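Scroll down for the structure; my scribbles are underneath it.
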Amino acid sequence: MNDTSPSQRNFWAITSYFNFMGNRSRRDNYREFRRRLKLPLMTIELSHDASFELNSNDAEVLVQVRGRDVLWQKERLLNVALAQLPSACSKVAWLDCDIIFSSDDWIGHTEELLKQVALVQPFSRLIHLDRTYTSPNGNLAACSTRTSVASLASNNAIPPDLFAEPSGTITHNCNCGMAWAGRRDLLQHTGLYDAMILGMGDQLIASAAFGNHEQSVNAFKMNLVQAEHYREWATPFAKSINRAVGCVPGDLYHLWHGNLANRKYKCRYQTFDQFNFDPYFDLMIDDGGCWRWNSEKPELKRYVSEYFYGRHEDG
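Start counting the sequence shown at 946; every next residue gets the next number (the numbering used here).
Structural data, given as structure tokens:
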């Protein structure tokens, strides 16, 4: 990090932190992520009780909010962060807080790319580390890898059916999330799509960036109201990006926090249509900026809660 005061830096990172199940792996991963990140960081931490897990050393700007309900909150909290960045910030990276970049060079390369394109995925290969892995200098032979979707795009190699099913990124061994960067003015205008209450918002954001958001509407079996809600965000976002997505070559390490199979990438939304989810009616933003339930649908609430309990992130 350079000698400029963080508030005067024009490139910031933002992340969200919520640990519904009190998993130790999440806390440990966050601190490793923070220790290795060479950008000023704003973190929005959500707690469901009186205590918080992070402190002032864990980010240049730490915003702590309390919420009531268990839902996927990542993109909602990232939108809270976007609204609170210092005025000098013109570029922003939104990052999962369980990753490590293989080199700090991604920062400068990303800044240069953002002069030419609207959106950047600042890695080309994702490496999932296992629970015994302690150093990025260790043996990678036993670790699974995936290609970033932006890397595929840079080689004109995005499969035509990539976004046609929720498990498309698994089928094609690529990744739509983990780390992105964009220009602040664009992101503040559109925000990030934040109504995927079981996660996988990254996939819907990426599909819109590449102009394939109608595939996602069908893939996730969105009802008419869901589709309207998503299109309301995706259409202007797709127009503003216009497929201008860049990729920074390099490796990104994903720190272990449970078996990936427990994330249920292929099936978490498989029977979701039974709940007639209406993001306009079923959700509301509370005083802290996070989602809370706004309707009485006990089966829906139970389904979402059970998904998070089933992730078993400490193994």
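Glycine is no exception: its CB is placed at the ideal position from the N, C-alpha and C atoms. Remember, predicted model here, so these are calculated numbers, not experimental data.
Just checking my contact of Ile-959 with Trp-1039 at CB under 8 Å: how many whole Å lie between their CB atoms? Confirmed, about 5 Å.
Would you check if the distance between the CB atom of Leu-1071 and the CB atom of Met-1123 is smaller than 8 Å? In contact: Leu-1071 and Met-1123 (Cβ atoms closer than 8 Å).
Would you identify the three-state DSSP class for Tyr-962, choosing helix, strand or coil? Note: Tyr-962 maps to strand in three-state DSSP.
Below 8 Å on the Cβ atoms is my guess for Ile-1103 versus Leu-1200; work out the distance and round it to an integer in Å. Actually they do not touch by this definition, with Cβ atoms about 27 Å apart.
Backbone CA spacing between Thr-1090 and Asp-1196 [nearest angstrom]: Approximately 10 Å, taken between the alpha carbons.
Distance between Gly-1191 and Lys-1060 (C-alpha atoms, nearest Å): Rounded to the nearest angstrom, the two C-alpha atoms are 11 Å apart.
At which residue ranges does the stretch 1105-1150 contain complete beta strand (DSSP E) runs of 3 or more residues, listed in the order of the chain? Correct list: 1124-1128.
According to the neighbour-count rule (16 or more other Cβ atoms, all chains shown, within 10 Å of its Cβ), is Gly-967 buried or exposed? By the neighbour-count criterion, in which 16 or more other beta carbons inside 10 Å mark a residue as buried, Gly-967 falls on the exposed side.
What are the start and end residues of the beta strand (DSSP E) that includes Lys-1036? Run containing Lys-1036: 1036-1040, per the beta strand (DSSP E) assignment.
Do Lys-1036 and Arg-1129 have their beta-carbon atoms positioned less than 8 Å apart in this structure? Their beta carbons are under 8 Å apart, which means Arg-1129 touches Lys-1036 by this criterion.
Mind checking which residues open and close the alpha helix (DSSP H) that includes Phe-1253? Element bounds for Phe-1253: 1243-1254.
Between Asn-1024 and the rest of its own chain, which residues show a CB-CB distance below 8 Å, the 5 nearest in sequence each way excluded? Sequence-distant partners of Asn-1024 (beyond 5 residues in either direction) whose C-beta falls short of 8 Å from its own C-beta, in its chain, are Gly-1136, Leu-1137, Asp-1139 and Gly-1234.
Own chain partners of Lys-1166 with C-beta closer than 6 Å, once the 5 adjacent residues on each side are dropped: Closer than 6 Å at the Cβ level, and outside the excluded window around Lys-1166, lie Asp-1218.
Between the beta-carbon of Tyr-962 and the beta-carbon of Leu-999, is there less than 8 Å? Their beta carbons are under 8 Å apart, which means Tyr-962 touches Leu-999 by this criterion.
Taking 8 Å as the cut-off, does the stretch 1106-1123 touch the stretch 994-1009 (at least 3 CB pairs, one atom from each stretch)? Between the stretch 994-1009 and the stretch 1106-1123, the count of Cβ pairs shorter than 8 Å is below three; the stretches do not touch.
Where the beta strand (DSSP E) through Gln-1009 begins and ends: In the DSSP assignment, Gln-1009 falls within the unbroken beta strand (DSSP E) covering 1006-1011.
N- and C-terminal bounds of the alpha helix (DSSP H) containing Gly-1053: Unbroken alpha helix (DSSP H) run through Gly-1053: 1051-1058.
Glu-990 (DSSP reduced to helix, strand or coil): Correct three-state label for Glu-990: strand.
Please report the distance separating the alpha-carbon of Leu-1149 from that of Asn-1002. Cα to Cα, Leu-1149 sits roughly 33 Å from Asn-1002.
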